[in-house]
Amino acid sequence: MNGLNNTINGINISIDGINNAIYGINNSICGINNAIYGLHNAINSLQNSINGINNSLYRIDNAINSLQNANTGINNALYCIDNAINGINGIRNVINSQI
């Protein structure tokens with residue numbers, strides 16, 4: 010009877026060991042899943058950062074275009090002023106030639 014009890018105890022100990030191994034495997038799987046979740050969050054954060062950088066670059070590009078347009082407008086205004094000065098000088102020359 011003692012041998013049978015020892016055998017049953019040994020089987021129970023083996024079952025406990027198997028259960029502990031399964032528990033450890035499940036914990037490992039949970040750890041892997043948590044790591045994957047963290048990696049996923051990190052990738053999302055990186056994507057959000059990239060989107061923010063792209064938006065900033067887009068705004069910078071628009072600002073540069075606005076500056077270029079303003080520069081063109083200033084150049085056009087200076088050209089008009091130059092033409093007006095030339096016209097005034099032409100009128101002055103006509104008046105001076107009449108004197």
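With the numbering used here applied, the sequence shown corresponds to residues 10 to 108, in that order. All residues carry an ideal CB built from backbone N, CA and C; glycine is no exception.
Asked	Found
Measuring only the C-alpha atoms, how far is S23 from I34?	16 Å
Whole angstroms is fine: what's the gap from I31's alpha carbon to G40's?	14 Å
Expressed to the nearest angstrom, what Euclidean distance is found between the alpha-carbon atoms of I27 and H49?	33 Å
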